[in-house]
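Participant: Residue numbers (the numbering used here), protein chains in the order written: chain A, -6 to 881; chain B, -6 to 881. Okay, handing you the structure first.
Protein chains: 2
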Amino acid sequence: MSNLIFNFKDKKIKNLKNPKNILGGKGANLAEMGRLGMPVPPGFTISTEVCDIFYKNKKKLPKQIIKNIQLELKNIEKYTGKKFGDLKNPLLVSVRSGARVSMPGMMDTILNLGLNDQTVKALAKKTLNVRFAKDCYRRFIQMYGNVVLNIEGHLFEGMIDNHKLNKGVLLDTELDENDWDELIQRFKDLVKKETKKNFPQNVLEQFYGAVSAVFLSWESQRAKTYRKLSQIPDHWGTAINVQSMVFGNMGNDCSTGVVFTRNPSTGENIFYGEYLINAQGEDVVAGTRTPQHITKKAKAAANSKETSMEEIMPKVYQELKRILEKLEKHYKDMQDVEFTVENKKLWILQTRSGKRTSEAAIKIAVDMVKEKLINKEKAILRIDPNTLDTLLHPTLDKKVKKKIIAKGLPASPGAASGKVVFTAEEAERLNSVMQNTILVRVETSPEDIHGMHAAKGILTARGGMTSHAAVVARGMGRPCVSGSTEITIDYSNKEFKAGGIIVKEGDTITIDGASGEVILGTVPTIQPKISGYFLTIMNWANAFKKLKIRTNAETEKDSRVAREFGAEGIGLCRTEHMFFDQERILSFREMILSKTKEDRSKALIKLLPHQKNDFKKIFKVMSGLPVTIRLLDPPLHEFLPKTQKEINEVALSLKINSEEVKDRIDELHEQNPMLGHRGCRLGISFPDIYEMQCEAIFEALFECKKEKIKSVTAEIMIPLVSADIELKILRSLVNHIAKKIQKKHQTKIEYMVGTMIELPRAALQAKEISKYADFFSFGTNDLTQTTFGISRDDSGKFLKDYINNRIFEIDPFVSLDQNGVGELIKIASTRGRQANKKIKLGICGEHGGDPKSIEFCAKTGLDYVSCSPFRVPIAILAAAQAELKKLI
Amino acid sequence: MSNLIFNFKDKKIKNLKNPKNILGGKGANLAEMGRLGMPVPPGFTISTEVCDIFYKNKKKLPKQIIKNIQLELKNIEKYTGKKFGDLKNPLLVSVRSGARVSMPGMMDTILNLGLNDQTVKALAKKTLNVRFAKDCYRRFIQMYGNVVLNIEGHLFEGMIDNHKLNKGVLLDTELDENDWDELIQRFKDLVKKETKKNFPQNVLEQFYGAVSAVFLSWESQRAKTYRKLSQIPDHWGTAINVQSMVFGNMGNDCSTGVVFTRNPSTGENIFYGEYLINAQGEDVVAGTRTPQHITKKAKAAANSKETSMEEIMPKVYQELKRILEKLEKHYKDMQDVEFTVENKKLWILQTRSGKRTSEAAIKIAVDMVKEKLINKEKAILRIDPNTLDTLLHPTLDKKVKKKIIAKGLPASPGAASGKVVFTAEEAERLNSVMQNTILVRVETSPEDIHGMHAAKGILTARGGMTSHAAVVARGMGRPCVSGSTEITIDYSNKEFKAGGIIVKEGDTITIDGASGEVILGTVPTIQPKISGYFLTIMNWANAFKKLKIRTNAETEKDSRVAREFGAEGIGLCRTEHMFFDQERILSFREMILSKTKEDRSKALIKLLPHQKNDFKKIFKVMSGLPVTIRLLDPPLHEFLPKTQKEINEVALSLKINSEEVKDRIDELHEQNPMLGHRGCRLGISFPDIYEMQCEAIFEALFECKKEKIKSVTAEIMIPLVSADIELKILRSLVNHIAKKIQKKHQTKIEYMVGTMIELPRAALQAKEISKYADFFSFGTNDLTQTTFGISRDDSGKFLKDYINNRIFEIDPFVSLDQNGVGELIKIASTRGRQANKKIKLGICGEHGGDPKSIEFCAKTGLDYVSCSPFRVPIAILAAAQAELKKLI
């Protein structure tokens, strides 16, 4: 029974390894403040273990625990001199939930517990304030009725409002003791009506009712939903803090307030908070009265005329200031503190690390290092890498009202407004006349890439967080809302339906890739600021991290953006993306549709100079760094002509009729293209394609050398290998072309050959495969698809259900599935290094930009991760954190 | 150097562990016959290791080996008293290839080596037969010229034909010594012209030329192709046997022949062979003269008038008879023996296990057990399980000439003729008027199943050995040729092209599912006989095997066939196949297209009685055995209406318009259905479907119980699980329905719940998953697809290239990939049993009928395999062999 009930002054607490796990965040802090000598109302914590016992014991408390709780109640009585249910000096307590991490507003709290028809009189007598006592009692009935007895809150509120109307007053403060008396009676009647029982007069019955209700609120729908969203495990449970009540509503020498030790929005090192005279905590939160500023400075900044706490209660303010400074120093973090002043005496009810914007988080962390409060390591660990996203993309101005017409998945952050277009061509056309567009498609394909570039944002009706649209959009840094099943697109009429609204081509919409919202009309956006603090943190992170951070990029522009963000090379350059350009697609189609090797050769010769120039541009940007180039990977039919016009065009070029072209297109059709004729299987079937690509790479390298540009290390990557012999064959193809080009120019060209590990079999056969590989790059997108047997293009239909039902804790395309896919990565890393000690290991799936996955990569001992340009800073920070966590 | 050169009498041979690996099959047998005191011409074997050395030494023999060979040549000289190149008593030798396993006709042989312009005279003098000597010499030049000097054989043959024409004779025997003289000169001139060198007169030069040529023939195109087809590893190499020549062509007291100790076609225990008087071995094979029977009995049986060897050479025949009996007893197997009689002296040139039909193989094995020559274990191991196929399916009459118009993959054995139809409906229509049809489709889908049932055979233009068409056809026992890329189907004109020929609907074709041939017109077929010998072998096999053999079946008929063949239950009953019936498909479509749970319920209620009755029928057939029922697995859109008529039908039933139906169809479309919304994902999204299926199962079980039919053990299988929680959820769904039905009927129903392991993640998570599973069934089709990332529907495009190029040794959909997929099965088995010792493990993919895969399953310790009904006997035999091999 040692870990069940803790007095705030319990000496055991100091020895607890993870006090928050046992006591909850609030309880741990109360205990800690107690130890620091802060003015904390006496009380105790019922631990999270009791929550577990409660649920296992048919939602009842075992007798032994009840006994222990009663002992602690006695302790409070001893300390305060008050007695629970006493008719002279009654003890009132608060019963509050307190989980390991804060779940603001999700869980229940009961104040003023201990009042009944008798003790309320004693309280009135003792405080010499009848109105206050009655007010407390009605609050208690109201709260208890709602939380413990499940009576809807608006029924109580309605009675108060009615009463005020009848009396012709506006504010609660205008109600007197008689009003409360009347209302107390009505409240009790309501309780009787709703529960068929009288409002409990026995204070212990009240107490255990409250404890049960708080435990039960852990399983309330809103709490469950919140945990799902915040990835808080269900089994943690909540602790309960029982504390002697203090009152901020006993008169005008009382007040209650909330204060942050720094500005949680900007990070500025000034107090930031608000208070209310003669009020209880709930009044501050409820918003029925407008709270006032704490400091004179804040009051001045807000141009407010109301008196600040600093002015009206200078002595208490000075004490609060000392305590706030002490708390921040103690916790070494910005604190969010609740306080109450009862008859000029300051009580601290709660302290916790304050939530803050990412901008503030960075500034506070850097400032605290400067103030020598924390070291750089702590500063780095303080910042949630995922929040950096918001610093890099434009966001919607939150102050503006929005007409949301649909929601989808927040696939690529940032916000954008533009005219609705339904084709890539229209997006390009409007872009050329300087008009912003949002490309709306059922789903996108590689052919839409030029349109996605031209558009300011992308909205799709199908596809998940890692659908084509999502991945490409993130890569380009374009905002994207994907898989918005609420919209129905009608291409033929050039419109889409969302709810009851029809949006036509040319209408303006705004999408918010951070929230997944689709909004009618234009919403103003705020441009990202990359402040000096951000750079400072990045520099520190770079010094700590061991993983190299590369980027996935295949254009000069993306490469440049990534390098500016700190990328240390390219981990994935998808060569096929280079073929979608207007000039090239025709030649590429000719190549695919060739019946003979000769025809194919002609087409390949046309493509070679384009590809070479693309590589050269990228090599120049990435000078001095490694660049991994993946040879052609996707199934060929992705590139096929679709319209009759395109078919005719190709037929003309190939000098065959369009029927033959159609036949060939039909032949190339696949049932499951993801598992079809793609990757190295294309290289085996059509070696001339890979030969052309290698030639382009080597010629580009040679030209850079000739122009005395510091060389990149070209890492040629063979995709979709499942057996060592595939790589053996294609490695010798690469070597053969290298020799040819070296001989031609009489010069040496440096390069490596490796493969993607993106099939379970490749992972299992890593030992054999590594004999032919200078590097492995884990293609975790495809590896996740095959390990789970889930197509990310089709996962939208059920993955949401899976995550909502917690079948998957998290979308495995977003954060690496460490149990399944992760085990394959570990197997492949171990086996690969067994046979080839020098092998370089990296990851180039979408997971390369996910902090949890990056931590896994660091633990597994990979050499680098590669992610989309806009996630490079996130990856850098996450990689640094991963190293720092190893030391903890 | 100890394993390089072996005299036939070498004592070392007896100590060799695997003499065939070193000496080749022929060499090992020659040595063995030598030891047995048989009349074997003296000689030696150059081992397979020398072949390896030869290739590693730039295709030359190292000096030391040459020295050793010369020592052995001296030994032959000593033994025969003849000398190599001697002008009085010249030694002639044969140089023959001899690999580990026989590769008939693939590798080169040179006879009569040692003849030149001088020794030919000595030979003539010594044999007193000038014509014979000259004939030998011209044969030698001809053979050597062809094999060693690479001169095309027809050039020599042409000269002989010309000469005969000029002389006005028909047979070689009509040519005299002068004719041969003239031809020898012309042959030598030809050699000079073609090689710019004289025909080698130095006998040692001849000898080493021959040895090199034989080694080189290992890498000839035809040898490589043969090895590929027969799965013989390239690295084995060939041995070479050098043997003193004996002559069957020295006069009429000479002969040569080939004899089997039993009839290789029927297995009957009588000699079966043929011989030629005054001839060399090649004459028997070449077919220029018609050989005669060996025994009087055979002569009589064949109604031949030519004298048998038994009559014409009674003494030699008796000696041969003794030797044949001795050889068979020694080798304990039917022998295929080559012999030569030289001036009444019998020489045995070669013995080996004779090739035989599967029918003969079974009879011989059973007979030999009765004769106490071998035990039952050996008998079982003698039979290649795969050949049993030919005993179960009708085959084409080989004597009839065929017009082959295309080839495809031999996807399902058996042959069938019928009218070409292009739709399942037409197949059904013609079937109802008793007409045989061949269903020709680009590929088939589950909707074609009724047509596949109605047709006598299936031909597809796309899809591999495990495509839908192939799998279903094998399951039904329907012949099928799949992936015949040589045909082009034109549905609109109801015809297909093959080569230049156009085949219209209604034209008759024949398909041979054993060879993959598509033949114009009708070819008569031979019906399978299951003889008593076959049953005997099956009974023996059943006694030895440990694996249980189940079948994949979902109809009463298939279940019955399988049980007759010895199936011990059903390992996979695919419930979705039951929905394709005309009556049901509409209800099923209603269900899929329902927008609300209520509409879906209505459709499900209609389906329930059908499904229940189907189960009941199967349960009756399988009474007393386990039946594994897989709940709905494939993506729903496979079932969708396709034609406008079907769409209207569904729209009418659902009381919505057809546009809405189309929209819903579009919504259900998937990019990669194999990785989409299917398997247990359907059960999670639409629990009511699985609930209906469980209800049908439990009601069927209850009704069987009520009718006092011995119960089956129903094993309810949840497909496509990737995480334990999926199974946890669905297991409780099953239990919930079970409770409901048990309560309804106040009776207890026995059942188990398990899952398919068909995703790599499921294999890796087996420990967690096994907590909720009574059994695992490895779905190796899908597991192969995901492990390799290869869709079997699309693999046709490249898998053939992969196998031809030996990137894959064998199609992983045909024989289990033991390295990759096999490792996952081992991992899953180990981990599954770790957490659940009682778990039952089986396999239900196509591999369940593949002998090599079955051996793997036995080694891995699975409990059962499940295969299509027609493969049950194969599986039984393979399972017995697997156990017996463990003991070796």
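Note that the Cβ used here is the ideal one computed from N, Cα and C, for glycine as well.
Helix or strand or just coil, what does DSSP make of THR453/B?
Facilitator: In this structure, THR453/B counts as strand in the three-state DSSP scheme.
Participant: Which chain B residues sit within Cβ distance under 7 Å of GLY772/A?
Facilitator: Chain B residues near GLY772/A: none, gap ~10 Å exceeds 7 Å.
Participant: Note the first and the last residue of the continuous beta strand (DSSP E) segment covering LEU720/A.
Facilitator: Run containing LEU720/A: none in the beta strand (DSSP E); it sits in the alpha helix (DSSP H), 717 to 738.
Participant: From what residue to what residue does the beta strand (DSSP E) around LEU713/A run?
Facilitator: No beta strand (DSSP E) contains LEU713/A, which DSSP labels as neither H nor E.
Participant: Since MET667/A meets chain B, which of its residues come closer than 9 Å, beta carbon to beta carbon?
Facilitator: Correct list: GLN664, ASN665, MET667, LEU668, GLY782, SER784.
Participant: Does any C-beta atom of chain B lie closer than 7 Å to the C-beta of MET(-6)/A?
Facilitator: Because MET(-6)/A sits at a pLDDT of 44, beneath the cut-off of 50, its placement in the model cannot be relied upon, and the following sentence gives the value as read from the coordinates. Cβ-Cβ to chain B under 7 Å: no for MET(-6)/A.
Participant: Does any residue of chain A bring its CB to less than 7 Å from the CB of PHE679/B?
Facilitator: Not one chain A Cβ lies under 7 Å of PHE679/B.
Participant: Looking at C-alpha atoms only, which residue of CYS247/A, ALA203/A, ASP843/A, MET243/A is the closest neighbour of ALA232/A?
Facilitator: The shortest Cα separation from ALA232/A among CYS247/A, ALA203/A, ASP843/A, MET243/A belongs to ALA203/A.
Participant: Would you tell me roughly how many angstroms separate the C-alpha atoms of ALA766/A and ARG754/A, rounded to the nearest one?
Facilitator: Their backbone Cα atoms lie some 16 Å apart in a straight line.
Participant: Do we get a CB-CB distance below 7 Å when we pair PRO805/B with the residues of chain A?
Facilitator: No, its Cβ sits nowhere closer than 7 Å to a Cβ of chain A.
Participant: Please decide whether GLY789/B counts as near chain A, where near means a Cβ-Cβ distance under 7 Å.
Facilitator: No, its Cβ sits nowhere closer than 7 Å to a Cβ of chain A.
Participant: Taking a cut of 9 Å between CB atoms, which residues from the segment 750 to 763 of chain B lie near chain A?
Facilitator: Hits within the stretch, in order: GLU751, LEU752, PRO753, ARG754, ALA755, ALA756, LEU757, GLN758, GLU761.
Participant: Once the 5 residues before and after GLU639/B are set aside, which same chain residues still bring their CB inside 8 Å of it?
Facilitator: ARG582.
Participant: At what residue ranges does the segment 552 to 637 of chain B contain a whole run of the beta strand (DSSP E), taking only runs of 3 or more?
Facilitator: You should have 563 to 567, 619 to 623.
Participant: Buried or exposed: MET(-6)/A, going by 16 or more other Cβ atoms within 10 Å of its Cβ?
Facilitator: Reliability of the predicted coordinates at MET(-6)/A is poor, the pLDDT of 44 falling under 50, and the value obtained from them is presented with this limitation in mind. Under this definition MET(-6)/A is an exposed residue.
Participant: Please state whether DSSP places MET(-6)/A in a helix, a strand or coil.
Facilitator: Confidence at MET(-6)/A is low in this model, with a pLDDT of 44, below 50, so the placement of that residue should be treated as unreliable; the coordinate-derived value is given next. DSSP places MET(-6)/A in coil when its eight states are reduced to three.
Participant: Please state whether DSSP places GLY250/A in a helix, a strand or coil.
Facilitator: In the structure shown, GLY250/A sits in a strand (DSSP, three-state: E or B).
Participant: Of all the CB atoms in chain A, is at least one closer than 7 Å to the CB of ASP607/B?
Facilitator: Chain A contact via Cβ: absent.
Participant: Looking at ALA814/B: is its Cβ nearer than 7 Å to the Cβ of ILE836/B?
Facilitator: Before going on, a small fix: residue 814/B reads as Val here, not Ala. Not a contact, by the Cβ cut-off of 7 Å.
Participant: Hey, does GLU816/A have any beta-carbon neighbour from chain B nearer than 7 Å?
Facilitator: Interface residue, yes.
Participant: Does the separation of the CB atoms of LYS499/A and LYS412/A fall below 7 Å?
Facilitator: Here residue 499/A turns out to be Gly, not Lys, going by the sequence shown. A contact, by the Cβ cut-off of 7 Å.
Participant: For ARG893/A and GLN343/A, what's the separation of their Cα atoms in angstroms?
Facilitator: The displayed coordinates of chain A run from -6 to 881. Any statement about residue 893/A would go beyond what the structure contains.
Participant: Out of THR166/B, LYS119/B, PHE77/B, which one is the CA nearest neighbour of GLU884/B?
Facilitator: Outside the shown range of chain B (-6 to 881) lies residue 884/B, about which nothing can therefore be said.
Participant: Should ASP794/B be flagged as near chain A, meaning a C-beta pair shorter than 7 Å?
Facilitator: Output row for ASP794/B: interface = yes.
Participant: Could you give the distance in angstroms between the alpha-carbon of LEU374/A and the alpha-carbon of ALA689/B?
Facilitator: Whole-angstrom Cα-Cα distance: 57 Å.
Participant: Taking the beta strand (DSSP E) that GLU267/B belongs to, which residues open and close that run?
Facilitator: Per DSSP, GLU267/B belongs to the beta strand (DSSP E) from 265 to 270.
Participant: Can you check DSSP and say which residues form a bridge with TRP340/B?
Facilitator: For TRP340/B, which the question treats as bridged, DSSP gives the partners THR333/B.
Participant: Could you tell me the boundaries of the beta strand (DSSP E) in which ASP483/A lies?
Facilitator: Looking at the DSSP string, the run of the beta strand (DSSP E) that includes ASP483/A is 480 to 483.
Participant: Is ILE482/A close to chain B? Criterion is C-beta to C-beta, closer than 7 Å.
Facilitator: No, its Cβ sits nowhere closer than 7 Å to a Cβ of chain B.
Participant: For the beta strand (DSSP E) that ARG434/B lies in, which residues bound it at each end?
Facilitator: Note, ARG434/B: beta strand (DSSP E), 430 to 434.
Participant: Tell me, please, whether the segment 587 to 605 of chain A touches the segment 572 to 579 of chain A by the rule of three or more beta-carbon pairs shorter than 8 Å.
Facilitator: Judged by Cβ distances under 8 Å, the segment 587 to 605 of chain A makes contact with the segment 572 to 579 of chain A, as three or more pairs qualify.
Participant: How big is the Cα-Cα spacing for THR300/B and ILE287/B?
Facilitator: So the alpha carbons of these two residues sit roughly 9 Å apart.
Participant: Using a Cβ-Cβ cut-off of less than 8 Å, list which residues of the segment 700 to 718 of chain A approach chain B; keep chain order.
Facilitator: Listed in sequence order: LEU713, SER715, ALA716, ILE718.
Participant: With three or more beta-carbon pairs closer than 8 Å as the criterion, would you say the segment 219 to 238 of chain A touches the segment 311 to 318 of chain A?
Facilitator: Segments in contact, no.
Participant: ILE800/A CB to nearest chain E CB: under 7 Å?
Facilitator: Absence of chain E from the displayed structure is noted, the protein chains being A and B.
Participant: Decide if VAL426/A is buried, meaning its Cβ has at least 16 other Cβ atoms within 10 Å, or exposed.
Facilitator: It counts as exposed.
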